[in-house]
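Take a look at the structure set out below.
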Amino acid sequence: MGSLSALNHPLQYPTARRDVSVIDDYHGVKIADPYRWLEDPDAEEVKEFVQEQVTLTESVLKTCDTREKLREKITKSFDHPRYYAPFKRGNKYFYFYNTGLQAQDVLYVQDCLEGEPEVLLDPNGFSEDGTVSLNTLSISEDAKYLAYGLSTSGSDWITIKVMHVENKIVEADTLNWVKFTSISWTHDSKGFFYSRYPAPKEGENFDAGTETNASLYHELYYHFVGTDQAEDILCWRDPENPKYMFGAGVTDDGKL
Numbered sequence: 001m002g003s004l005s006a007l008n009h010p011l012q013y014p015t016a017r018r019d020v021s022v023i024d025d026y027h028g029v030k031i032a033d034p035y036r037w038l039e040d041p042d043a044e045e046v047k048e049f050v051q052e053q054v055t056l057t058e059s060v061l062k063t064c065d066t067r068e069k070l071r072e073k074i075t076k077s078f079d080h081p082r083y084y085a086p087f088k089r090g091n092k093y094f095y096f097y098n099t100g101l102q103a104q105d106v107l108y109v110q111d112c113l114e115g116e117p118e119v120l121l122d123p124n125g126f127s128e129d130g131t132v133s134l135n136t137l138s139i140s141e142d143a144k145y146l147a148y149g150l151s152t153s154g155s156d157w158i159t160i161k162v163m164h165v166e167n168k169i170v171e172a173d174t175l176n177w178v179k180f181t182s183i184s185w186t187h188d189s190k191g192f193f194y195s196r197y198p199a200p201k202e203g204e205n206f207d208a209g210t211e212t213n214a215s216l217y218h219e220l221y222y223h224f225v226g227t228d229q230a231e232d233i234l235c236w237r238d239p240e241n242p243k244y245m246f247g248a249g250v251t252d253d254g255k256l
C-alpha cells in the first residue's frame, strides 16, 4: 500500500440523501430502498454526486507517494510476449498474441503450424481512444468467414461484423442490438445463430450501454452472410417469459 501521509485533514464525503418514501412490498414484506434515485445515471443530481465522488477520490490518490512506483511495477510485470493456444478451422490455424503492453490481444492466422503468421484482426486499431474492444468471435468451419462482435466503452451491447478471412475484406453485414450472445456457424458456412433483443421503438429515448433497466425479450436469430439484418430468421422467442435468455450451438455433426 502506498503512503497517504500528506493527507492531514478529514475527508469531506459527498452527501447522499435518503429517500425514505421508496418502499417495495414483496409478498407482505416491506423493503426500503432509500438510494434508488442513484440508479438513474441521467439525473442531474446523480451526475453531481458522481463528480463529487471522482473529485474526492482524485484528491486522495494524488497524495499517494508510491503510486508511480506501483504503476512501474505493474507495467514491468505485464511487459512480456504472450501467446495463446492455437486452434484449427478448415485448413488454417488461428491464435491470439500480445507483444506485452498492447491493450488487446491480436488475432493471427497461418496456413500451417510452421507457416508465416499474418495479422487477421487487430482490435487495438478499432478506435483512436481505445474504447472499442473485441467482445466475441467465431470462425466458420471451413475458415472462410470470421464473425466478430465489437463493444464500445465496456458496454454489454455489441455489433457483429463479418470478415472474409482470405482477403480480410469486411462484409457489409452489420448486426445491431446484440447482447449476451454466442456466434455459432452452420457447417455450410452460409450463416450463423446469434442472440439479440428487439430494437427500441421509433422515438424511444435509449442510450445503449448506460441504461440501468433490464433488457427484456431475448431472441434467437439466424443470419445469412451477405444479407441485411432485417432478413434474419427468428428461431425462438418466449413472450411469456421476458427475462429468459436464449442461445444455440451447432454440434460437431452439424446439428443443433
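Every letter in the sequence shown is one number past the one before it in UniProt numbering, and letter 108, counting from 1, is 108.
C-beta: ideal position from N, C-alpha, C; glycine also.
query	result
Taking DSSP as the reference, what is the three-state secondary structure of residue 75?	helix
Specify, as a first and last residue, the run of the beta strand (DSSP E) that residue 30 falls within.	29 to 32
Do residue 14 and residue 56 come within 8 Å of each other at the CB atom, strictly closer than that value?	yes
Let me check understanding here. Comparing Cα to Cα, which of 18, 35, 244 and 251 lies closest to residue 215?	244
On the three-pair Cβ rule with 8 Å, is the stretch 180 to 191 touching the stretch 134 to 149?	yes
Could you give the DSSP three-state label for residue 38: helix, strand or coil?	helix
Return the chain-ordered list of same chain residues with a C-beta closer than 8 Å to the C-beta of residue 80, the five sequence neighbours on each side being excluded.	100
Beta-carbon within less than 8 Å of residue 198's beta-carbon, same chain only, minus the 5 sequence neighbours each way: which residues are those?	177, 217 and 219
Do three or more CB pairs link the stretch 127 to 143 to the stretch 83 to 90 at distances below 8 Å?	yes
From residue 241 to residue 247, what distance separates their C-alpha atoms?	15 Å
Excluding the 5 residues flanking residue 237 on each side, which residues of the same chain have their C-beta closer than 6 Å to its C-beta?	219
Could you tell me the boundaries of the beta strand (DSSP E) in which residue 110 lies?	106 to 110
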